[in-house]
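K.L.:
Residue numbers (the working numbering), protein chains in the order written: chain V, 1 to 258; chain C, 1001 to 1268.
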Amino acid sequence: MRATRICFQNVVQCFRVIRERPDTLREAFAHLFRSRMDYYNFEALQGVSFAIHDGEVVGIIGRNGSGKSTILKIIAGVYRPTSGIVQISGKVAALIELGAGFHPDLTGRENIVLNGLLLGLSRRKMQALEKQILHFAEVGEFIDSPIKQYSSGMFMRLGFAIATEVDPDILLIDEILAVGDAAFQQKCSARIDDFRQRGKTIVFVSHDMGAIRQLCRRVLLVHNGVLLGDGPADQIVARYEELLHKPGDTVISAPAIP
Amino acid sequence: MSDATPTLAESLKEVVHYRDLLYMLTWRDIKARYKQSMMGFFWALLMPLLIVGAGVLVRIVFLMSSGNHINFLDLASIALKSLPWAFFVSAIKFATNSLVGNVNLVTKIYFPREVLPLAAVLASLFDTAIASSLIIILLVFGKVGVTIHLLWAPVILGLIILFTAALALFLSCANLFFRDVKYLVDILLTFGIFFTPVFYEARTMGKWAPLLLLNPLGSLLEALNTTIIRHQGPSLPWLAYAASCAILGLFAAWRIFDRAEASFAESI
């Protein structure tokens, strides 16, 4: 039996959505004198359970607002779940949003170090990896320019190169591969395959069903914060496409206002 | 990993593990402050020296109007106390904004968020260290003299840093939830200099002196002055009081920060 890398048990993530949230002390003070706060709880995840093992490439699909990114952010440790148990073992590298963890005023080279440090690696380790990262990212002489001058494709190249070169046990990818050109996407696919062969775990969120079918054997389908399906890619993707064309469903799963 | 708040020891261990990140963010803060400015590192000297200058001017005016002679030791004392004050003001200002100013990091990646306010404190410490070298020269050439009591100075300075770090952690997270904390802090820092013995000594306030020393920063500055300029041992009860405020305050602030950290990403 392969080792479990990610384990969600009945995970609930609640966001308190406050209408006119008091975000100053003055307003908070005024709110003290009101009988109750004007908010409702939005359950972005309503009791989600699954386990992902070594060497699996798992796709997560679902409509906008279904909870896909929330799952990734919980795995990455950005959110702490409201209830339920989350167990993660190993080093996590996340490509959640374009340019996350980059500082616009620092150069590409400095940002390589910053990114690694944010993952908890040492400066020395990152400097040792610099050459390989540059080789993969192919950003050329831009590497010594401030990142704010980069195109989104360059951001993604550098981000992907860093996240994969630091050799994480778990790699999270959220939709960002789409900004790369065909040649680079192929390079990424090859690297993802290499990761799988070395027994690493990859969680991949995308709306591109072609990419999902190509990269993942197993797919999770999330809908309105509930796990609707977990199984072989073809089967789950077909189910998702059915769901997409079901009439009378809202595109964004906003909660009913009580 | 679980959804529970980490213990203080776990949290400290994690910050130690991320120490390279702390250095880099500190360095980034220092660089960002001076990179696109005409005067560069001169800015690091400007603020502390302005405070020293203002204090000296006020003192001279007071002494002249009361017909007393201007005493070098009085001026040295003001210069000495102005620096930790300048450090405190700049550290608290930068730290209060440190989480909100880094939304990109806080909402998108995981790392111990304590490093952001702590980096702001360290960057201000670096600034003040530059200005301090000038004051040390002043004290040496002014023949203030060296006694055994000077050994207290590192302890007192250490406590000032701990106390500042405690407030920095607390205020950075308060400002994340309530954005006007920043303005409140600005007001308190502006008027704080009147209620902290920086330009004067607490004993000149007579029976009100203990009230000034209740501010831990006040008793620490007073102790710094007593040991370096007046060559006496510090008031031990007040030093013990300030030390417990600084250390217990840091524990409490760290704990509050860890508890609040769970909702940083969604509340920012």
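Don't be surprised by glycine CBs; every beta carbon is placed ideally from N, CA and C. Note that this is a predicted model, so its numbers are computed, not measured.
1. Determine whether the beta carbon atoms of residue 174 (chain V) and residue 94 (chain V) lie at a separation below 9 Å.
2. Closer than 8 Å is the cut-off here; do at least three beta carbon pairs connect the region 2-21 of chain V with the region 51-65 of chain V?
3. So, for residue 1107 (chain C): in the same chain, excluding its five sequence neighbours on each side, which residues have a beta-carbon less than 7 Å away from its beta-carbon?
4. In its own chain, which residues sit with a C-beta less than 7 Å from the C-beta of residue 230 (chain V), not counting the 5 before and 5 after it?
5. If we define contact as Cβ-Cβ less than 9 Å, is residue 1108 (chain C) a contact residue for chain V?
6. At the 9 Å Cβ level, is residue 1044 (chain C) part of the contact set with chain V, yes or no?
7. Give the C-beta separation of residue 55 (chain V) and residue 199 (chain V) to the nearest angstrom, bearing in mind that I take them to be a contact with Cβ-Cβ under 8 Å.
8. Measuring alpha carbon to alpha carbon, tell me which residue in C:1069, C:1234, C:1054 and C:1042 is nearest residue 1154 (chain C).
9. Could you list the residues in the region 2-18 of chain V with a C-beta less than 7 Å from some C-beta on chain C, going in chain order?
10. In angstroms, rounded to a whole number, what distance separates the CA positions of residue 1058 (chain C) and residue 1212 (chain C)?
11. Ignore the nearest five residues each way along the sequence and tell me which others in residue 1048 (chain C)'s own chain have a CB closer than 7 Å to its CB.
12. Out of C:1052, C:1248 and C:1053, point me to the one whose CA is closest to residue 1162 (chain C)'s CA.
13. Using alpha carbons as the reference points, say which of C:1045, C:1208, C:1260 and C:1216 lies closest to residue 1237 (chain C).
14. Can you tell me whether residue 1278 (chain C) is buried or exposed? The criterion is at least 16 other CB atoms within 10 Å of its CB, across all chains shown.
15. Using three-state DSSP, classify residue 43 (chain V) as helix, strand or coil.
16. Could you tell me which uninterrupted alpha helix (DSSP H) segments, each at least 4 residues in length, are contained entirely in the region 1141-1181 of chain C, listed from first to last along the chain?
17. Let's see if you can read the secondary structure: which residues bound the alpha helix (DSSP H) around residue 1219 (chain C)?
18. With respect to the alpha helix (DSSP H) encompassing residue 75 (chain V), which residues constitute its N-terminal and C-terminal limits?
19. Give me, in chain order, the residues of the same chain whose beta-carbon lies closer than 8 Å to that of residue 1144 (chain C); leave out the 5 immediate sequence neighbours on both sides.
20. Return the residues of the region 71-83 of chain V that lie within a Cβ-Cβ distance of less than 8 Å from chain C, sorted by chain order.
21. Any idea what DSSP makes of residue 204 (chain V), helix, strand or coil?
22. Can you give me the C-alpha to C-alpha distance between residue 14 (chain V) and residue 44 (chain V), rounded to a whole angstrom?
23. Just to confirm, are residue 60 (chain V) and residue 71 (chain V) a CB contact at a threshold of 9 Å?
24. I want to verify the contact list: residues of chain C whose CB lies under 8 Å from the CB of residue 122 (chain V), in sequence order.
25. Near residue 1232 (chain C), what residues of its chain come up, given a Cβ to Cβ distance below 7 Å and the 5 sequence neighbours on each side ignored?
26. Any beta carbon from chain C within less than 9 Å of residue 167 (chain V)'s own beta carbon?
27. Mind listing the chain C neighbours of residue 134 (chain V)? Cutoff is C-beta to C-beta under 7 Å, in chain order.
28. Residue 1208 (chain C): buried (16+ other C-beta within 10 angstroms of its C-beta) or exposed?
29. In the structure shown, what three-state DSSP assignment does residue 87 (chain V) receive?
30. At least one CB of chain V closer than 9 Å to the CB of residue 1188 (chain C): is that the case?
31. Going by other Cβ atoms of all chains shown within 10 Å of its Cβ, with 16 needed for buried, is residue 1170 (chain C) buried or exposed?
32. Curious, which full-length alpha helix (DSSP H) runs of at least 4 residues does the region 101-132 of chain V contain?
33. Taking CB distances under 9 Å as the criterion, tell me whether residue 179 (chain V) reaches chain C.
34. Would you mind sorting residue 73 (chain V) into buried or exposed? The rule is 16 or more other CB atoms within 10 Å of its CB.
35. So which residues of chain C does residue 96 (chain V) contact, with C-beta pairs closer than 9 Å?
36. Determine the direct distance from the alpha carbon of residue 1223 (chain C) to that of residue 1201 (chain C), and round the result to whole angstroms.
P.N.:
Per the coordinate set shown:
1. One-based indexing of the first sequence puts residue 174 (chain V) at position 174. One-based indexing of the first sequence puts residue 94 (chain V) at position 94. Result yes, Cβ atoms of residue 174 (chain V) and residue 94 (chain V) sit closer than 9 Å.
2. The region 2-21 of chain V is in contact with the region 51-65 of chain V.
3. Within the second sequence, the letter at position 107 stands for residue 1107 (chain C). The beta carbon of residue 1107 (chain C) sits closer than 7 Å to the beta carbons of 1265 and 1268 from its chain, once the five residues preceding and following it are set aside; these are given in chain order.
4. In the first sequence, counting from the first residue as 1, residue 230 (chain V) sits at position 230. Excluding positions up to five away in sequence, the list reads 50 and 220.
5. Reading the second sequence from its first residue, position 108 is the one you call residue 1108 (chain C). In terms of beta-carbon proximity, residue 1108 (chain C) lines the interface with chain V, with at least one pair separated by less than 9 Å.
6. By 1-based counting over the second sequence, the position of residue 1044 (chain C) is 44. Put simply, the CB of residue 1044 (chain C) is far from chain V, with every gap to its CB atoms at 9 Å or more.
7. Here the question's residue 55 (chain V) lines up with position 55 in the first sequence. Here the question's residue 199 (chain V) lines up with position 199 in the first sequence. Yes, residue 55 (chain V) and residue 199 (chain V) are in contact; Cβ-Cβ is about 4 Å, under 8 Å.
8. Taking the first residue of the second sequence as 1, we reach residue 1154 (chain C) at position 154. If we check each option's Cα against that of residue 1154 (chain C), C:1234 comes out closest.
9. Listed in sequence order: 15.
10. On the second sequence, position 58 is the one that residue 1058 (chain C) refers to. On the second sequence, position 212 is the one that residue 1212 (chain C) refers to. Whole-angstrom Cα-Cα distance: 19 Å.
11. By one-based count along the second sequence, residue 1048 (chain C) stands at place 48. Contacts found: 1082, 1083, 1086, 1128 and 1131.
12. Reading the second sequence from its first residue, position 162 is the one you call residue 1162 (chain C). The candidate whose alpha carbon is nearest that of residue 1162 (chain C) is C:1248.
13. For the purposes of this step, residue 1237 (chain C) is identified with residue 237 of the second sequence, where counting begins at 1. Of the candidates C:1045, C:1208, C:1260 and C:1216, the residue whose Cα lies closest to the Cα of residue 1237 (chain C) is C:1216.
14. Residue coverage of chain C in this structure runs from 1001 to 1268, which leaves residue 1278 (chain C) outside it and unanswerable.
15. Numbered from 1 along the first sequence, position 43 holds the residue referred to as residue 43 (chain V). In the structure shown, residue 43 (chain V) sits in a strand (DSSP, three-state: E or B).
16. Runs of the alpha helix (DSSP H) inside the region 1141-1181 of chain C: 1152-1177.
17. In the second sequence, counting from the first residue as 1, residue 1219 (chain C) sits at position 219. Per DSSP, residue 1219 (chain C) belongs to the alpha helix (DSSP H) from 1216-1228.
18. Here residue 75 (chain V) refers to the residue found at position 75 when the first sequence is read from its first residue. Where residue 75 (chain V) is concerned, the enclosing alpha helix (DSSP H) stretches over 68-76.
19. As a first step, residue 1144 (chain C) is located in the second sequence; it is residue number 144 there, counting from the start. Closer than 8 Å at the Cβ level, and outside the excluded window around residue 1144 (chain C), lie 1073, 1076, 1228 and 1229.
20. Here the close residues are 73, 76, 77, 78, 79, 80, 81, 82 and 83.
21. Residue numbering aside, residue 204 (chain V) sits at position 204 when the first sequence is read from its first letter. Reduced to three states, the DSSP call for residue 204 (chain V) is strand.
22. On the first sequence, residue 14 (chain V) is found 14 positions in, with the first residue counted as 1. On the first sequence, residue 44 (chain V) is found 44 positions in, with the first residue counted as 1. Going by the C-alpha atoms only, they are around 6 Å apart.
23. As a position in the first sequence, residue 60 (chain V) is number 60, starting the count at 1. As a position in the first sequence, residue 71 (chain V) is number 71, starting the count at 1. Contact check for residue 60 (chain V) against residue 71 (chain V) passes: the beta carbons are separated by less than 9 Å.
24. For the purposes of this step, residue 122 (chain V) is taken as the residue at position 122 of the first sequence. Neighbours of residue 122 (chain V) on chain C, chain order: 1020.
25. For this step, residue 1232 (chain C) is matched to residue 232 along the second sequence. Take residue 1232 (chain C), set aside five residues on each side of it, and the residues of its chain with a beta-carbon closer than 7 Å to its own are 1149 and 1226, in chain order.
26. As a position in the first sequence, residue 167 (chain V) is number 167, starting the count at 1. Using beta-carbon distances, residue 167 (chain V) does not count as an interface residue toward chain C, since no partner is under 9 Å.
27. Numbered from its first residue, the first sequence carries residue 134 (chain V) at position 134. Taking a Cβ-Cβ threshold of 7 Å, none of the residues of chain C is close to residue 134 (chain V); the smallest such distance is about 19 Å.
28. Against the second sequence, residue 1208 (chain C) aligns to sequence position 208. Residue 1208 (chain C) should be labelled exposed.
29. Translated into the one-based positions of the first sequence, residue 87 (chain V) becomes position 87. Strand at residue 87 (chain V).
30. Walking along the second sequence from the start, residue 1188 (chain C) turns up at place 188. It does not; no Cβ of chain V falls within 9 Å.
31. Here residue 1170 (chain C) corresponds to residue number 170 of the second sequence, with the count starting at 1. Answer is buried; the Cβ neighbour count reaches 16.
32. Taken in chain order, the unbroken stretches of alpha helix (DSSP H) that lie wholly in the region 101-132 of chain V and span 4 residues or more are 108-118.
33. To locate residue 179 (chain V), count along the first sequence from 1; it is residue 179. No - not a single Cβ of chain C is within 9 Å of the one on residue 179 (chain V).
34. What you label residue 73 (chain V) is simply residue 73 of the first sequence in a count that begins at 1. Counting the other Cβ atoms within 10 Å of the Cβ of residue 73 (chain V) gives 16 or more, which makes it buried.
35. Position 96 of the first sequence holds residue 96 (chain V). Simply 1108 and 1109.
36. Locating residue 1201 (chain C) in the second sequence gives position 201, counting from the first residue. Locating residue 1223 (chain C) in the second sequence gives position 223, counting from the first residue. Taking the Cα positions, residue 1201 (chain C) is about 10 Å away from residue 1223 (chain C).
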